[in-house]
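Student: Protein chains in written order, with numbering that gives the first Met the number 0: chain A, 0 to 436; chain B, 0 to 583. Ideal placement from N, C-alpha and C gives every residue a C-beta, glycine not left out.
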Amino acid sequence: MEAFQKVYTKLTNITKATVSLKADGVGADEMAMVGGRLAQVVKIMGNDVILQVFTGTEGIATDSEVIFLGRPPQLKVSDQLAGRFFNAFGNPIDGGPEVDGEIRDIGSPSVNPVRRKQPSELIATGIAGIDLNNTLVTGQKIPFFADPDQPYNQVMANVALRSDADKIILGGMGLSNDDYLYFKNVFNNAGATDRIVSFVNTTDNPPVERLLVPDMALTAAEYFAVDKHQKVLVLLTDMTLYADALAIVSNRMDQIPSKDSMPGSLYSDLSKIYEKAVQFPDGGSITIIAVTTLNGGDITHAIPDNTGYITEGQLFLRRDTEIGKVIVDPFRSLSRLKQLVSGKKTRKDHPQVMNAAIRLYSDAANARTKMENGFDLTDYDQRTLAFAKEYSNYILAIDVNVDTTEMLDITWGLFMKHFKAEEVTIKQEFMDLYWKK
Amino acid sequence: MENTKTTGKVAGIISNLVTIEVFGPVAQNEICFIHHPEADLMAEVIKVQGKYAYAQVFDSTRGLKVGIDVTFEGHMLEVTLGPGILSRNYDGLQNDLDKMEGVFLKRGEYTDPLDREKLWDYKPLANVGDIVTAASWIGEVEENHMPHRIMVPFKMTDSYTIKCLAPAGSYKVDDQIAVIADKDGNEFPITMVQKWPVKMAVRAYKEKPRPFKLLETGVRCMDTLNPITEGGTGFIPGPFGTGKTVLQHAISQQAEADIVIMAACGERANEVVEIFTEFPELIDPHTGRSLMERTVIIANTSNMPVAAREASVYTAMAIGEYYRSMGLRVMLMADSTSRWAQALREMSNRLEELPGQDAFPMDLSAIVSNFYSRAGYVYLNNGATGSITFIGTVSPAGGNLKEPMTESTRKAARCFYGLSQARADSKRYPAVDPIDSYSKYLEYPELQAYLKEKVGEDWLEMVNEAKDMLLRSKEAKEQINILGDDSVPIEFHERFWRGELIDFVILQQDAFDKIDASTPMERQQYMLKMVMNVNHTPMNFSNFEDVQTLYKKIINLFKQMNYTEYMSDKFKSFEKQIDELVKQ
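1. Interface residues of chain A around leucine 63 of chain B at Cβ under 8 angstroms?
2. Note down, one range per segment and in chain order, each beta strand (DSSP E) of at least 3 residues found wholly within the stretch 474-561 of chain B.
3. Between aspartate 28 of chain A and proline 96 of chain A, is the Cβ-Cβ spacing less than 8 angstroms?
4. Whose C-alpha, out of A/Ser19, A/Gly69, A/Pro91 and A/Gly45, is nearest the C-alpha of aspartate 62 of chain A?
5. Considering threonine 314 of chain B, what are the terminal residues of the alpha helix (DSSP H) in which it resides?
6. Determine, for arginine 106 of chain B, whether the minimum Cβ-Cβ distance to residues of chain A falls below 8 angstroms.
7. Give me the DSSP bridge partner(s) of serine 197 of chain A.
8. Counting along the chain, where does the beta strand (DSSP E) carrying tyrosine 53 of chain B start and finish?
9. Where do the N-terminal and C-terminal ends of the alpha helix (DSSP H) with aspartate 424 of chain B fall, by residue?
10. Please go through the same chain and pick out, in chain order, the residues whose beta-carbon is closer than 6 angstroms to the beta-carbon of alanine 510 of chain B, but skip the five residues on each side of it.
11. Can you tell me whether aspartate 253 of chain A is buried or exposed, with buried defined as 16 or more other CB within 10 angstroms of its CB?
12. By how many angstroms is the C-alpha of histidine 34 of chain B removed from the C-alpha of phenylalanine 71 of chain B?
13. Using 8 angstroms as the Cβ pair cut-off and three pairs as the minimum, do the stretch 348-356 of chain B and the stretch 291-308 of chain B touch?
14. Whole angstroms is fine: what's the gap from alanine 22 of chain A's alpha carbon to methionine 32 of chain A's?
15. Note down, in chain order, each residue of its chain lying with its Cβ closer than 6 angstroms to the Cβ of tyrosine 7 of chain A, except the 5 sequence neighbours on either side.
16. Phenylalanine 359 of chain B: beta carbon under 7 angstroms from a heavy atom of the ligand MN?
17. Under three-state DSSP, which class holds lysine 571 of chain B?
18. What are the boundary residues of the alpha helix (DSSP H) that phenylalanine 211 of chain B is part of?
19. Short of 8 angstroms Cβ to Cβ, which residues in the stretch 555-570 of chain B face chain A?
20. On the premise that lysine 42 of chain A lies in contact with isoleucine 481 of chain B, defined as a C-beta separation below 8 angstroms, what is that separation, rounded to the nearest angstrom?
21. Consult DSSP for glutamate 352 of chain B and reduce its assignment to one of helix, strand or coil.
22. Please list, in chain order, all residues of the same chain as asparagine 586 of chain B whose beta carbon is under 6 angstroms from its beta carbon, the five residues on each side excluded.
23. How far does the alpha helix (DSSP H) with glutamine 381 of chain A in it extend, from its first residue to its last?
24. Just how far apart, CA to CA, sit aspartate 99 of chain A and aspartate 281 of chain A?
25. Could you work out which residues of chain B lie near leucine 68 of chain A, taking near to mean beta carbons separated by less than 9 angstroms?
26. According to the Cβ coordinates, are lysine 558 of chain B and threonine 424 of chain A closer than 8 angstroms?
27. Which residue from B/Val140, B/Leu343 and B/Thr156 puts its Cα closest to that of isoleucine 149 of chain B?
28. Could you name each continuous alpha helix (DSSP H) segment of 4 residues or more that falls completely within the stretch 236-296 of chain A, going from the start of the chain to the end?
29. Distance check for glycine 184 of chain B and leucine 16 of chain B, CA to CA, integer angstroms please.
30. Assuming proline 350 of chain A is part of the alpha helix (DSSP H), what are its boundary residues?
31. For isoleucine 13 of chain B, which residues in chain A fall below 7 angstroms Cβ to Cβ?
32. CA-CA distance, alanine 412 of chain B and aspartate 178 of chain A?
33. If you check the beta carbons only, do proline 118 of chain A and leucine 96 of chain B fall under 8 angstroms apart?
34. I'd like to know if the stretch 227-235 of chain B and the stretch 399-418 of chain B are in contact, where contact means that at least 3 CB-CB pairs between them fall below 8 angstroms.
35. Give the C-beta separation of isoleucine 235 of chain B and isoleucine 390 of chain B to the nearest angstrom, bearing in mind that I take them to be a contact with Cβ-Cβ under 8 angstroms.
36. Using a Cβ-Cβ cut-off of less than 8 angstroms, list which residues of the stretch 391-402 of chain B approach chain A; keep chain order.
Put into structure tokens, the structure is as follows:
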């Protein structure tokens, strides 16, 4: 910190998350220290300045010292980031030394769309509910829409470790201490810590701090993807808690809330984060897998709703009581970029097989409704039900770990076991190749 | 004029809304530049109160301080119009994205939308002594094999006499190609370039009749059931994941239009990249050349500054009006207009205006209607015709069609292509709901006469009958679900499957299959006729399972037909198999 900085000691207003004072020469988005805590300028009107204090304003007094730092929030980036755990401000929390490196502003500008490359590289996870039905692609952004009791963090950790990413960056927002330790353990046990960087805000930390976590994680991601041309996978959990923090700040600033008490700018705020997912022409890429927890499965709430419009699909987990396992829901899950790879980077029959299987699975759902309503089932209904159970078990369950070609062969096997040729309606050229009955 | 520019100083900053103390006259929607030490930032005045102007900045305001100088430009946000717009990729403010350096967008970097050095083969269309008005054609150059008319600038509201004309030859866009004089003898030089404020409608045409011509899109559920017209307006609302973007891309690739303008308004960057990657590869079926040659892309992706998002739809419309004035058919698509509405909401919120429903501004509906009204089919002053067909997508919050943007758009647009979650869930794409969707144009006697003449005398009856069958099929299905397969007469099952046949063969279309993706009107008519023939054939079934089995076989054969070339041997062999099946 430079010596000549002016110190202010007269706060005019204090709310739970913000303080106001009179000051000159302050820049928009500038960082400051308020009573030794980090804060950021959110509003300037003449010489009235409002700051949001990340760690909350408990104990801040009207004569607390305010020092403006003359810079936006920043992170030091270098290869030393790898294998480390940081808090929302980018300070180490693993007891290790400070990181040396180049100082970068976080929340950097967007990539020029004409400089992007169309994503075309498949990310294999071995989970058939993802690889077969909702194939992921580098440069994609996709959230898990999950209820709080579902094992989304476990699935996400699995996806991350099985993928061939060069770097995995974890942005944890409002993680419970248990989940934080879970991630730490899983990464350690997999012997993968040297390719993982974590920025973690746990539930012990103040909620407003979370607002920095995605930008910190993505600044690190951009360093590895742009400067080092690496394939980077960013995990953001839980984005619902991030949005809640946005709502807290906007509420303290007396902004008019829009749907579900969320700020009117929620769409822009979320898209600034998710749109950092990108495929660069020189091989580097940022892929974002996030978690948006739902309230009782309600996807019409403003947070999942806006997220759905921004991300390239969404993955739903569901417990299938028939087989007693958690599956990737084939109806509600969608990867929008799958057609860039499925049938192109995978076997040609992939899209048709995927669609036929889901259609038959949907027929089974209708049959189940019929059964529950006490109607007689036709022979076809019985067969779809038998198919659905095996399809759930061998394809949709999250414990499946096979490669895509094998997934296709399994599905063809199920088709032939349960159906007649005309019932699967697949293009003749593929029937000729794979229908061996 | 340069000496009299109004100046001001920054007085307050909240995100991208800047309050400016103004020293002089200032206009609503006037453009100003804020002289941030790093770069000049462009902004638009959206409110004036006393000595303060409130401006939305088209860039990040990070580091901006109170007291920084501001210069007002004396004009509104304008587009630059001239040869060389086609096949460009612009941002929402018409900056040429390809001219920008580096991977990341730099704030305050504004690039020229036109190529000032390129030479164009010009030939005059008018004669010295001709009386001309705004949008009169003076000359012509060829832009990507399309005639590009050089017109009297739209801003010139008087009537003028041509004093001199440059002879045919090679010229740069800024070269003088004519001089025109008003009644008082004041002379004005004309170049190939003009500017126009994006928020004003170009009205330099003679008449705007009701649209009457079918616009073929190759998308069966539109052309057959609910056609849009040349110069018509439509909107596609749908929850996320129901295929809005895929449908919109299909329309833009296939529709009969001379010019396609895609406004990617606050949408995903990867979708824009998809257009950048795929359009140059796609061959336009109408011209045999790359589709990109006749396309303009306005890309304001969701992470680009929110104020420029609002501008992007207007920029697209103004460029559309420019090409319409040349007598061309323009297809304009905006994906998604809800993002534009949200941009309005963000600013309204920062201005602390009293909010309407869901915190949207009170005048949302008026803004939307005003925008849609700029589309249309027109007779130009010289008797030629031009059109802008506009289709916007709407992303209803929570999939609820009662939300303000969907309601506002419903009042403004004449065609409604509602995407249904249920159809999307069962992978019935395009997920356009055949029963809720409508085209108001079908009620126009002009269009009815046109369809009778161009498609067939009995076409409309057949379409209406198909719609009835779809509705009755839905009702039958509900009955079957309530009462059970066995407890309803077999006739109910037949009714249900007749609708399914239309659904699977006509409505569902594989946008990713080379042949099925686009169906010409002739083939659509042929297929519908065939399907209706099957549905009209009396059949005797002993039990409902036979109905299901037979119709599944027929559907499968029809689907194979959809995947094969029209009237090819394979196509005919499938047709024959269907005939035989039905006869049994």
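Tutor: For this structure:
1. Gly26 and Ala27
2. none
3. no
4. A/Ser19
5. 305-323
6. yes
7. A/Phe84 and A/Leu169
8. 51-56
9. 420-424
10. Val245, Ala249 and Ala516
11. exposed
12. 11 angstroms
13. no
14. 14 angstroms
15. Leu20, Ala22 and Val65
16. As far as ligands go, the structure on display features none, and thus does not contain the ligand MN.
17. helix
18. Unbroken run through phenylalanine 211 of chain B: none, as it is neither H nor E.
19. Asn555, Lys558, Gln559 and Tyr562
20. 59 angstroms between Cβ atoms; not a contact.
21. coil
22. The structure shown does not extend to residue 586 of chain B, since chain B spans only 0 to 583, so no value can be given for it.
23. 378-390
24. 26 angstroms
25. Neighbours of leucine 68 of chain A on chain B: none; closest Cβ ~12 angstroms, over 9 angstroms.
26. yes
27. B/Val140
28. 238-251 and 265-273
29. 46 angstroms
30. 349-371
31. Lys42
32. 50 angstroms
33. no
34. yes
35. 7 angstroms
36. Ser394, Ala396, Gly397, Gly398 and Asn399
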